[in-house]
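Colleague:
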Amino acid sequence: MALILVQGGLQKATARVLAAFLFADTDSVTAPELAEWLAISSGSVSGAIKMLSTVGLIERAPAPGSRREHYRLREGAWATLMSTQNGMVRTLFEAADEGIEAAGPDTPAARRLAEMRDFYGFMFRELPALIERWKAERHADPRPGDR
Numbered sequence: 114m115a116l117i118l119v120q121g122g123l124q125k126a127t128a129r130v131l132a133a134f135l136f137a138d139t140d141s142v143t144a145p146e147l148a149e150w151l152a153i154s155s156g157s158v159s160g161a162i163k164m165l166s167t168v169g170l171i172e173r174a175p176a177p178g179s180r181r182e183h184y185r186l187r188e189g190a191w192a193t194l195m196s197t198q199n200g201m202v203r204t205l206f207e208a209a210d211e212g213i214e215a216a217g218p219d220t221p222a223a224r225r226l227a228e229m230r231d232f233y234g235f236m237f238r239e240l241p242a243l244i245e246r247w248k249a250e251r252h253a254d255p256r257p258g259d260r
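Mind the numbering: the sequence shown is residues 114 to 260 in my numbering, read in order.
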């Protein structure tokens with residue numbers, strides 16, 4: 114799984130951490146557990162957790178009695194990844210808008226940035242309905258092993 118995620122563009126450590134979340138036998142894990150399981154540095158795990166949190170795939174999990182932060186794959190993670198809740202995509206949308214202003218009107222950069230902004234604007238308008246359809250379909254016909 115991690116190799117496929119790397120081929121899809123994720124950094125190696127982030128791909129390995131995401132794969133660990135997908136295959137974990139527990140509902141939540143700690144950063145030290147991930148570092149131990151994957152034999153990678155705590156800094157690599159920290160960076161991966163930050164990135165995966167930013168895009169909405171993982172979140173902090175309650176862990177009463179534990180002194181360590183626990184993380185879990187977010188419920189509806191894949192829909193969140195494709196939605197306006199994805200902090201990175203929102204940042205790119207806003208950056209494109211600011212870039213247009215900085216580049217000045219009628220410049221090649223402004224035209225490229227406008228396409229980027231317009232694409233994300235379209236996606237933000239259209240994806241909520243698509244995600245709602247997916248959720249409705251998923252709840253209407255859950256596959257074995259779901260929930």
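Note that beta-carbon positions come from the ideal geometry of N, C-alpha and C, so glycine has one too.
What residue range is occupied by the uninterrupted alpha helix (DSSP H) comprising R300?
Modeller: An answer regarding residue 300 cannot be provided, because it is not within the stretch 114 to 260 covered by the chain.
Colleague: For A161, count neighbouring Cβ atoms within 10 angstroms of its own Cβ and tell me buried if that reaches 16, exposed if not.
Modeller: A161 counts as buried, since no fewer than 16 other beta carbons sit within 10 angstroms of its beta carbon.
Colleague: Just to confirm before moving on: does the CB-CB distance between L151 and V119 stay below 9 Å?
Modeller: no
Colleague: Please work out which residues of its chain come closer than 8 Å, Cβ to Cβ, to D140, disregarding the five sequence neighbours upstream and downstream, and give them in chain order.
Modeller: A174 and R185
Colleague: State yes or no: is the beta carbon of T143 nearer than 9 Å to at least one beta carbon in chain D?
Modeller: Note that chain D does not occur in the displayed structure, where there is just one protein chain.
Colleague: Please look up how many angstroms separate the CB atoms of I244 and M195, rounded, as I've assumed it's under 8 Å.
Modeller: 7 Å
Colleague: When the Cα atoms are used, what is the spatial distance from D231 to L165?
Modeller: 25 Å
Colleague: Can you look up V158 in the DSSP assignment and give me helix, strand or coil?
Modeller: For V158, the secondary structure class from DSSP, reduced to helix, strand or coil, is helix.
Colleague: Helix, strand or coil for T139 per DSSP?
Modeller: coil
Colleague: Compare the C-alpha of R251 against each of W191, M236 and E207 and name the closest.
Modeller: W191
Colleague: At the level of alpha carbons, what is the spacing between P221 and V202?
Modeller: 22 Å
Colleague: Quick one: is T204 buried, meaning 16 or more other Cβ sit within 10 Å of its Cβ, or exposed?
Modeller: exposed
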